[in-house]
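First comes the structure, then the notes that go with it.
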């Protein structure tokens, strides 16, 4: 079953994907690897002489958009940006359960197929949840972890999804940009977060993709007994999905080597301050 609402929607979504990837202004390679869950597409880019870094994007979004938001990683790291299977992009349209640990098993197979025994990993939102599941399934394969506004640590009840329904219905009936913005603001809080690429991606998700509501469920602490790698967790104070107060407290509890940072006055969709970008880069470059 397709993850898109129509064939036309699929074409429009992939057109936006390619357009955003070109906006990077960086050379890249398309890699396809086979996993037991289905074929997986990966964008290889960044600094080929840099530290290898496996990157997981947010849900109902794409690797192309995520790379635009994470340009600060391209100079120092050899990026492998994965299209999450069953989400918009060029991997197989095979939907895995957000419960259990299938996403972690899939991510573990991706690492194997790329030819790495161990690699640093970076995940945002849904992608942070995938990384959390990977840490449980194959802790020995994760050299370091950066989790930003991550699912899978301490998820809030999805009350925000209910609040978004009215402006979302207004947008679907009228296709007016003002309702698109109003809907996105439940996640972004501040309008300056909603740049052209972000709004294009949100619009694509609402117009063309069968939106996934379920986020990777919270990982079980007992499954982390084999994981001791350095971990950096960044969460937003006013995130309606994964609030910093709960996420950071549990992260400190369950990860043995964990640094935390709270993005004050920020929502789930946010702009990382330059100081935090530098913190991430330096963390990933530190020898462990």
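Residue numbers (the UniProt record's numbering): 1 to 288. Backbone N, C-alpha and C fix where the C-beta goes; we use that ideal spot for every residue, glycine too.
message: Checking the sheet assignment: what are the DSSP bridge partners for residue 45?
response: Against the chain shown, residue 45 aligns to sequence position 45. Answer is 79, bridged to residue 45.
message: Let me make sure I understand the geometry here. Which of 225, 272, 4 has the alpha-carbon closest to that of residue 135?
response: For the purposes of this step, residue 135 is identified with residue 135 of the chain shown, where counting begins at 1. It is 225 whose Cα lies nearest to the Cα of residue 135.
- request: Can you tell me which of 115, 84, 165 puts its alpha carbon nearest to the alpha carbon of residue 104?
  value: What you label residue 104 is simply residue 104 of the chain shown in a count that begins at 1. With distances taken between Cα atoms, residue 104 lies closest to 84.
- prompt: Of the choices 48, 241, 196, 1, whose alpha-carbon is the least far from that of residue 154?
  reply: Start at 1 with the first residue of the chain shown, and residue 154 comes out as number 154. Comparing Cα positions, the closest option is 241.
query: In or out: residue 294 buried (at least 16 other Cβ within 10 Å) or exposed?
result: Here the chain has residues from 1 to 288 only, and residue 294 is not among them.
- request: Give me whichever residues DSSP pairs with residue 293 in a beta bridge.
  value: What is shown of the chain runs 1 to 288, which leaves residue 293 out entirely.
query: Buried or exposed: which applies to residue 208, given that a residue is buried once 16 or more other Cβ atoms fall within 10 Å of its Cβ?
result: Here the question's residue 208 lines up with position 208 in the chain shown. Buried: at least 16 other Cβ atoms inside 10 Å.
task: Grab me the residues of residue 248's own chain with a C-beta within less than 7 Å of its C-beta, minus the 5 sequence neighbours each way, in chain order.
output: As a working note, residue 248 is residue 248 in the chain shown. If we look at residue 248 and ignore the five residues flanking it on each side, its Cβ neighbours are 233, 235, 260, 262.
Residue 111, buried or exposed, once every other Cβ within 10 Å from all chains shown has been counted against 16: The residue given as residue 111 occupies position 111 in the chain shown. So residue 111 counts as buried.
message: Please list the terminal residues of the continuous beta strand (DSSP E) segment that includes residue 123.
response: The count along the chain shown starts at 1 and reaches residue 123 at position 123. That run of the beta strand (DSSP E) goes 119-124.
query: In whole angstroms, what separates the C-alpha of residue 291 from that of residue 169?
result: Absent from the structure is residue 291, since the part of the chain shown begins at 1 and ends at 288.
- prompt: In its own chain, which residues sit with a C-beta less than 7 Å from the C-beta of residue 221, not counting the 5 before and 5 after it?
  reply: Counting from one through the chain shown, the residue named residue 221 turns up at place 221. Counting only Cβ-Cβ distances below 7 Å, and skipping sequence neighbours, we find 254.
message: Rounded to the nearest angstrom, what separates residue 215 and residue 12 at their Cα positions?
response: Numbered from its first residue, the chain shown carries residue 215 at position 215. Numbered from its first residue, the chain shown carries residue 12 at position 12. Residue 215 and residue 12: Cα-Cα distance of roughly 25 Å.
- prompt: Which one of 175, 230, 190 has the shortest CA to CA distance from residue 146?
  reply: Position 146 of the chain shown holds residue 146. When each option's Cα is compared against that of residue 146, the closest is 230.
- request: Determine the closest residue to residue 55 out of 15, 278, 126, with distance taken between C-alpha atoms.
  value: Position 55 of the chain shown, counted from the start, is the residue given in the question as residue 55. For the residues 15, 278, 126, the minimum Cα distance to residue 55 belongs to 126.
- request: Taking residue 34 as part of the beta strand (DSSP E), name the residues at either end of that continuous run.
  value: Within the chain shown, residue 34 is the residue found at index 34, counting from 1. 29-35 is the span of the beta strand (DSSP E), which, as asked, contains residue 34.
- prompt: In whole angstroms, what separates the C-alpha of residue 223 from that of residue 156?
  reply: If you number the chain shown from 1, residue 223 lands on position 223. If you number the chain shown from 1, residue 156 lands on position 156. When rounded, the distance between both Cα atoms is 21 Å.
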